[in-house]
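Worksheet: the structure to be examined is printed underneath.
In the UniProt record's numbering, the protein residues as written are 1 to 632.
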C-alpha cells in the first residue's frame, strides 16, 4: 500500500551547547479547501475519501492530541470551488457552513486566497463577518468605504503557553501574516469591482515583519497563498514562496494555490528548495495539497537566547487523509469527524438535491479521457456555447461581420487531481452537477478582437506543454508534468495540426501547422472575434496581456451559466444538448513514432470512440492511471 509522504526534519544537536530553555510549537495548516466539507464528489454524486474537511478534521484532532500546544491556520481558497460553494453563494445561506466549520474546529487565523473574491465582494463580506477568528491578507488594501475594510487585517499574534524541558511554562507569541497573488486584482476584476488594491507579496511581507516583531512576536509564520515559485514557464516574473522565505525575520511558511504537496515526490528541484529538510532558503515550509487532502504539520523547536526565542530545529509533514493501494484505488486513512459531519449534513443533502436539476440531454457519453490528445465533446460543447453567446451579443453591431471563434481548455483531465479527476457524463439527462463538471471555474465571459497572427500565437501558447518528440522513438512521455490541463486551449471554429517534433514557442519554436478557417489558410491580417474567459483574456498562464482596445465584450456573466443556457436552449429546440463536430485539431503524423500518456482507467472502455487515434493500453500506474500508447 502506498501510504504517503516523507517526513522532513532538522533538529538541534542534543549534545551541542545549551541554549537554556527549549519548547516545542506545532503549526497545523490546511489550504485550498475550495468549499469541500463532506467527503463527497458532487460532480459524480458519490462519496470520496480523498477530499473534505470532515476527514481532515480527524487528522487535526489527532495532531492536537500529540502535543501540548498547537496552532491551526488556513491558507486560503476556502469559500469557492465546489457545487456546495455555488449553492451557498446562490442561496446566500446564513450561517455560512465553512465559517461554522472553521469555528467549530477552532481555527486561530485564516488567510484569504484569490478565489475568495470569485463570488463578489458582498458574498465575501457576509461570510467573513461571521468569522470567529482573524481574517488575514496583508497585501489586500480595501477602500475605506468597502465592506471588507473592517474585516481584514494584515497580521495577527496567536499566544500559546508551552512548557520547557524543565516543566516551566512560557508564553510564546506566534506572529502570522497572510498574502495572496496580487494578480487576483486582474483575474477577478469584475467581481472585485475596484473595492481593493493588491500589492506584491514579498515586498509586503518584508514591510510587515518588523511590525510583527515590534508587537512582540517571538516567531513569524507566513501564510503565502502561492507556490514555491510563482513565475509560470515562459511567463513574466512573479514572486513566490522562495522570495518570501529569503526575507529576514520569516521563520516558517505555509504555501498553497497550486494544489501540490510539499514535502512530497514529483516536485521540480529549484535553487533554495530542499525537499529532504522541507525548507526554502533554510526555513521550514509545507504545502498541504487541496480539498482537505492533507494536513500540514510544522513542529518548531524554539530555544531561548539572550535575544529571545529562536527556531533551532523543525520537523515537517504533509499528512494525508487517503492513500492508494497496489491497484491504484483510493483507500481512506481516517474516518470523518462525526460532529462536523452532522453539522454540515443538511446543507450537504440540499446541495445534492439542487445539483440534480436537469439542464439538457445527450445521446452519447461526454468525457475528458482523451481531451489532451484530441478535440472531444467535453471541450466542443463549451466552445459552442461561448461562440453562440458572443455572436448573439455582437449581432447587429459594427463587429457582427467578423468570424467568432472560441477558446477553452479541458479543466478536468487528470494530472495532480489523480485518475478520478476527469469529466464523465453518461448518456441521458445532463444535470446541473454535470455542467459544473464541464466548467468547474468561476470565470466570466470575455471576447477579444484579434488578428490571424495573434490567434496563431494564442495556439502556440496553448500547445507549449507537450514534450518535444524525437522521430523514430517509442512511448515518449507526452506532457510536461508541471503544467495543468487548463493551459491547453482548443480554439473552436478553426482546424490545425500540432507538430510535436518542433520546439515549443517559449524555446523559439513553432508547432502550429496548417491553421485554417473554413478550409482556407488563415491570413495573418484577417480579424476574428475570440470568445474566451476572464482569466485567460486577462493575460494569465503566460499569455500576453490583451490591449484594452482589443476587448469587445467583458461581462460578469459566468461561462458556466452560458453553457447551461445553451444546453437548455438546445434541449427545447431539438431534444439534445450535444452537436458533435469534427475535431478542430490533430497531431501531425510522425511515422514510426509513438508517445505515452496517462488517463482514467475508464478510458479502456472508450478506445473505439476515436477511430482516428491509434491507441494501445500499456499498463496501470501506481497512482491509479491507465497508461496508453498513441502512435503518431
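Ideal Cβ placement from N, Cα and C applies to all residues, glycine included.
DSSP-derived helix/strand/coil call for residue 451
strand
With a cut-off of 8 Å, do at least 3 Cβ pairs link the segment 339-353 to the segment 318-329?
no
Apply the 10 Å Cβ neighbour rule to residue 139 and answer buried if 16 or more other Cβ atoms are within range, or exposed otherwise.
By the neighbour-count definition (other C-beta atoms within 10 Å, threshold 16), residue 139 is a buried residue.
Cutting at 8 Å between CB atoms, please list the residues of its own chain near residue 476, excluding the five before and the five after it.
467, 469, 470, 593, 594, 595, 596
Quick check on DSSP: helix, strand or coil for residue 486?
helix
Taking 7 Å as the cut-off, is the CB of residue 360 close to at least one heavy atom of the ligand GDP?
Looking for the ligand GDP in the displayed structure turns up nothing, as the structure carries no ligands at all.
As assigned by DSSP and simplified to three states, the class of residue 564
helix
Residue 23, DSSP secondary structure in three states
Residue 23: strand per DSSP, three-state reduction.
Runs of alpha helix (DSSP H) wholly within the segment 123-196 (minimum 4 residues, chain order)
184-187, 189-192
Three or more beta-carbon pairs under 8 Å between the segment 449-465 and the segment 563-574, yes or no?
no
For residue 1, does the three-state DSSP call read helix, strand or coil?
Its pLDDT being 39, under 50, residue 1 is placed unreliably in this model, and the coordinates cannot settle the point.
Determine the direct distance from the alpha carbon of residue 177 to that of residue 208, and round the result to whole angstroms.
Rounded to the nearest angstrom, the two C-alpha atoms are 8 Å apart.
Which residues in the same chain as residue 426 place their Cβ atom closer than 6 Å to its Cβ, once the five residues preceding and following it in sequence are excluded?
365
Whose C-beta lies closer than 7 Å to the C-beta of residue 460 among residues of the same chain, with five residues either side of it excluded?
505, 510, 511, 512
Inter-residue CB distance, residue 83 and residue 436 (contact presumed, cutoff 8 Å):
5 Å
Quick check on DSSP: helix, strand or coil for residue 469?
coil
For a test of the three-state rule: what should DSSP assign to residue 440, helix, strand or coil?
In the structure shown, residue 440 sits in coil (DSSP, three-state: anything other than H, G, I, E or B).
The beta strand (DSSP E) enclosing residue 516, as first and last residue numbers:
512-517
Using the beta-carbon count (16 or more within 10 Å), is residue 339 buried or exposed?
Burial state of residue 339 is exposed, judged by a 10 Å Cβ sphere holding fewer than 16 other Cβ atoms.
Can the beta-carbon of residue 121 be found less than 8 Å from the beta-carbon of residue 193?
yes
Can you tell me whether DSSP reads residue 376 as helix, strand or coil?
coil
Rounded to the nearest angstrom, how far is the Cβ of residue 270 from that of residue 321, given a contact under 8 Å?
Residue 270 to residue 321, Cβ: 28 Å. No contact.
If we call anything under 8 Å between Cβ atoms a contact, is residue 626 one with residue 598?
yes
Backbone CA spacing between residue 457 and residue 126 [nearest angstrom]
42 Å
Member of 160, 417, 71 whose CA lies at the smallest distance from the CA of residue 481
417
On the criterion of 16 or more Cβ atoms from any shown chain inside 10 Å, does residue 47 qualify as buried, or is it exposed?
exposed
Under 8 Å, do residue 109 and residue 158 count as touching if we go by C-beta distance?
Their beta carbons are under 8 Å apart, which means residue 109 touches residue 158 by this criterion.
Neighbour-count burial assignment, residue 634, 16 or more Cβ in a 10 Å radius
Absent from the model: residue 634. The displayed extent of the chain is 1 to 632, so no value can be given.
Put residue 607 into one of helix, strand or coil per three-state DSSP.
helix
Under the assumption that residue 76 contacts residue 180 (Cβ atoms under 8 Å), give the Cβ distance between them as a whole number of angstroms.
Correct: roughly 6 Å between the Cβ atoms.
For the segment 347-413, which segments carrying the beta strand (DSSP E) assignment without a break, of at least 3 residues, lie completely within its bounds, in sequence order?
358-362, 404-408
Please report how far the alpha carbon of residue 13 lies from the alpha carbon of residue 216, in whole angstroms.
Legend: pLDDT at residue 13 = 49, less than 50; position of this residue unreliable, no value from coordinates given.
Nearest to residue 583 by CA position, among 495, 164, 64, is which residue?
495
Just to check my reading of the structure: residue 337 and residue 516 have Cβ atoms closer than 8 Å, yes? What is that Cβ distance to the nearest angstrom?
In fact, because the Cβ distance is near 56 Å, the residues do not count as touching under 8 Å.
Applying the criterion that 16 or more other CB atoms from any shown protein chain within 10 Å of the CB defines a buried residue, is residue 712 buried or exposed?
Shown here, the chain extends from 1 to 632; a query on residue 712 therefore has no answer.
Is it buried or exposed for residue 384, if we count other Cβ within 10 angstroms and need 16 for buried?
buried
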